[in-house]
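For the sequence shown, the working numbering begins at 43 and goes up steadily by one.
Built from N, CA and C at the ideal position, the CB exists for glycine as well.
Being a predicted model, the structure only gives us computed values, none of them experimental.
I have placed the structure first, in the form of structure tokens, so that the comments after it can refer back to it.
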Amino acid sequence: MDPVSQCKTEVDVLWSEEKTLQPPENFKNRANVKDPVIYRQAFQDRLKFWEECARRLDWYQPWDKVLEWNSPFAKWFIGGKLNASYNCLDRHIEAHLGKKIAIYWEGENGNTKALTYQDVYEHVNKMANVLKSMGIRKGDRVAIYLPMVPEAIFAMLACSRIGAVHTVVFGGFSAEALRDRINDAQAKLLITADGGWRRGAMVPIKTMADAALGQTPCIEHVIVVQRIGQDIPMKQGRDHWWHDLWEKAEAYCEPEPMDAEDILYILYTSGTTGKPKGIVHTTGGYLTGVNVTMDWVFDLKSNDVFWCTADVGWVTGHSYVVYGPMSNGVTQVMYEGAPDFPERNRFWEIIQKYKVTILYTAPTAIRAFMKWGVQWPKSCDLSSLRLLGSVGEPINPEAWLWYYENIGHGHCPIVDTWWQTETGAIMITSLPGITAMKPGSATKALPGIDAEILNEEGEIIKEGGGFLSITSPWPSMLRGIWGDVQRYKDTYWSKWQGKSYFAGDGARRDKDGYFWFMGRVDDIMLVAGHNISTAEVESALVDHSMVAESAVVGVSDEVKGQAIVAFVILKDGNRPSKEAEGLLKEHVSQKIGALARPKQILFTSDVPKTRSGKIMRRLLRDVAEGRALGDVTTLADSLVVAELKKQYDEV
Ligand code: ATP
Ligand code: MG
């Protein structure tokens with residue numbers, strides 16, 4: 043039997059811990075990191091190891107001390123001075139890479155741009171001067187509310203060039219979400235656009251921004267990128283066109299030498315668990331983390347064409363569209379629109395067109411592709427691909443194998459990367475030339491990262507389930523929650539009295555030490571005294587040939603404490619019925635055990651998700667328990683949950 047089908051049979055036993063898939067030989071031989079000794083080196087002298095990593099960057103002044111840990115406050119590379127935009131641009135140009143393509147930009151409507159490092163450098167320098175001319179100084183906050191256009195990258199790097207702190211707000215967020223973030227960060231300037239394109243329709247970004255700006259007294263100036271070219275209201279004295287300012291700006295702006303611990307950005311989390319938190323990242327440690335993980339995990343070669351499909355409004359966009367790729371001088375693809383526009387093969391066409399070698403996307407997208415069918419990827423030439431990545435949620439083994447077979451054609455390793463807005467960079471994943479893969483497992487902590495499963499008391503669980511924790515500080519860790527020290531301590535550090543970082547995720551470790559993520563701790567269900575993970579039941583449901591996607595929650599139950607309710611999206615061509623419900627309940631029982639059998643299955647065409655594609659289980663719990671809906675400001679589509687609520691109340 044070939045390794046894939048062999049593994050697939052094994053996956054029949056869910057969460058198979060036995061079978062592994064070795065990285066393909068030719069990948070292994072050429073990998074940047076081939077020798078597992080790297081784990082030992084990191085373990086033997088963690089600080090020295092991280093110092094070596096930091097030397098990949100260009101510093102104006104070296105640090106005097108690697109780490110100061112005053113739990114829960116960390117400082118890394120103390121006394122060191124550097125500039126993020128210098129590291130992402132100037133140094134590549136000095137190394138004669140100015141002509142290398144930095145960004146192949148693909149607009150949804152077919153517009154394209156190919157921008158070299160020199161081009162990006164020129165844009166960034168001019169915008170940096172524009173920001174200065176508008177009174178923006180080191181430490182000031184600048185809000186960015188843009189679609190996926192190159193100007194989003196220019197704006198972020200322009201801020202970092204002059205030491206301004208950017209706070210990017212996802213371009214699809216509502217006016218209220220934008221308003222709250224601007225006010226929380228006290229931003230002085232907003233960079234936005236006249237509009238954007240999504241599924242062929244115009245998104246009225248400026249109209250939304252104007253609604254927010256009515257209640258953001260801190261904003262003094264607004265810079266507007268022209269994307270749509272329609273007439274929009276511009277407020278005299280406040281609003282300025284990007285292209286007008288750009289034309290008049292000076293060509294060079296000296297990068298500001300920043301302290302390693304100066305703030306690089308504030309980014310609000312996606313809000314799956316409640317009110318978004320303004321996560322603070324600083325310059326030296328963050329840049330070290332994203333720069334080196336980019337190289338290890340994506341095994342970068344100078345001729346790679348990298349494509350991370352995340353929006354810049356999400357941390358994945360910050361770390362693996364902007365700072366990771368650019369600080370490594372990579373050529374990347376940036377795509378503005380939806381994966382199914384105009385057809386469901388848009389991603390595959392883009393890969394074929396630009397000969398993408400590395401694809402980094404999310405399980406939610408992979409499950410959508412599965413639902414649409416293999417005819418779409420089959421219609422394109424994907425032979426340029428050599429490595430695949432996944433991020434955002436646990437990837438169920440079924441989706442992992444689908445991705446491996448139908449996109450990677452069995453020769454691309456998959457890196458399932460676990461990390462958070464708070465961790466800044468990838469923490470747990472395989473080194474693609476070394477680690478044997480297990481479909482559905484994020485595998486092991488990266489060198490230099492101490493990750494453990496802890497129990498309630500903070501004791502290490504070598505094999506079994508519990509709370510995922512990072513037990514030593516790491517360079518790219520968050521430095522706090524903007525304006526709320528107490529919430530920082532309470533959320534991440536109070537569980538084990540400041541000794542270890544509480545990530546909020548449940549996970550299991552198998553006998554080989556591999557991590558299997560089970561979902562948010564708040565989402566884990568307690569049925570008749572047994573912990574059952576949402577991820578596990580969802581995975582069992584998706585394993586059935588009728589099911590495209592599912593979301594599972596625990597609701598209060600008089601007898602069992604909690605009972606399982608499953609929201610199920612069927613694959614095209616299947617219809618909801620009593621029989622289907624019975625079959626699926628039985629399927630889950632067989633896969634996991636009678637305890638995990640859902641009490642109720644509700645067929646739906648969609649489940650509520652954040653703009654970064656994560657299922658909002660807390661809202662589904664509100665629906666299933668008949669409560670009023672909690673905070674919905676970060677939802678991708680609030681109609682989905684209203685519709686579900688109506689449907690559920692009828693049942
Ligand atoms: P909030 O903290 O506001 O609820 P969020 O946690 O969804 O928002 P992010 O920081 O974007 O915001 O997401 C990080 C979370 O995503 C992780 O804590 C984890 O639950 C999940 N996650 C990300 N990657 C993976 C992965 N490879 N495997 C399992 N879970 C993952
Ligand atoms: Mg989180």
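Alpha helix (DSSP H) containing residue i: first to last residue?
i	result
D664	659-666
T406	405-414
W92	88-96
E580	576-584
M198	192-204
A253	247-255
S175	159-175
By how many angstroms is the C-alpha of residue j removed from the C-alpha of residue i?
i	j	result
Y690	E600	20 Å
D161	F340	25 Å
T485	V334	19 Å
A194	L188	6 Å
L124	G371	17 Å
K50	S425	Bear in mind that the predicted position of K50 carries a pLDDT of just 43, short of 50, making it unreliable; the figure below should be weighed with that in mind. Distance between the alpha carbons of K50 and S425 is about 23 Å.
V245	G213	9 Å
T324	I566	33 Å
M20	E148	The structure shown has nothing for residue 20, since the chain only spans 43 to 693.
K319	T676	12 Å
A170	H208	12 Å
G555	I437	18 Å
T513	Q278	53 Å
N71	P65	10 Å
K117	E262	33 Å
Y307	D273	32 Å
G122	L520	18 Å
S202	N167	11 Å
Y294	P650	46 Å
S587	A570	29 Å
E296	I204	8 Å
May I ask you to check if the CB of residue i is nearer than 7 Å to at least one heavy atom of the ligand MG?
i	result
Q160	no
G320	no
Q374	no
So residue i and residue j are supposed to be a Cβ contact under 8 Å. How far apart are they, rounded?
i	j	result
I145	P192	6 Å
R617	V630	Not quite, the Cβ-Cβ distance comes to about 20 Å (not below 8 Å), so this is no contact.
V398	L443	Contact flag wrong, Cβ pair sits at about 21 Å.
D346	I400	6 Å
S361	V332	4 Å
S483	L496	Their Cβ separation, rounded to whole angstroms, is 19 Å, which puts S483 and L496 out of contact at 8 Å.
How far does the beta strand (DSSP E) with residue i in it reach, from first residue to last?
i	result
W111	107-112
K117	115-120
C350	347-350
A608	603-612
R240	238-240
V721	Outside the shown range of the chain, which is 43 to 693, sits residue 721, and nothing can be said about it.
W558	557-562
I305	305-310
W283	281-283
Relative to the ligand ATP, is the shortest distance from any of its heavy atoms to the C-beta of residue i smaller than 7 Å?
i	result
D458	yes
T311	yes
P436	yes
W356	yes
K537	no
F91	no
D664	no
V683	no
D547	yes
T652	yes
R82	no
V579	no
Q64	no
W461	yes
K656	yes
F559	yes
S369	no
A484	yes
Q432	The sequence shown places Ser at residue 432, rather than the Gln named in the question. Checking every heavy atom of the ligand ATP against the Cβ of S432, one is found closer than 7 Å.
Original post:
How about the stretch 226-241 and the stretch 262-269: do they share at least three Cβ pairs that are nearer than 8 Å?
Top reply: With a cut-off of 8 Å on Cβ pairs, the stretch 226-241 is in contact with the stretch 262-269, counting three or more such pairs.
Subject >> Contact between the stretch 80-96 and the stretch 493-513 (3+ Cβ pairs under 8 Å) >> reply: Judged by Cβ distances under 8 Å, the stretch 80-96 makes no contact with the stretch 493-513, as fewer than three pairs qualify.
Original post:
How about the stretch 562-577 and the stretch 644-660: do they share at least three Cβ pairs that are nearer than 8 Å?
Top reply: The stretch 644-660 and the stretch 562-577 touch, with three or more beta-carbon pairs separated by less than 8 Å.
Original post:
Can we say the stretch 150-160 touches the stretch 176-184, given the rule of at least three CB pairs closer than 8 Å?
Top reply: No contact exists between the stretch 150-160 and the stretch 176-184.
Original post:
Are three or more beta carbon pairs between the stretch 471-478 and the stretch 445-463 nearer than 8 Å?
Top reply: Flag = yes, the stretch 471-478 and the stretch 445-463 touch.
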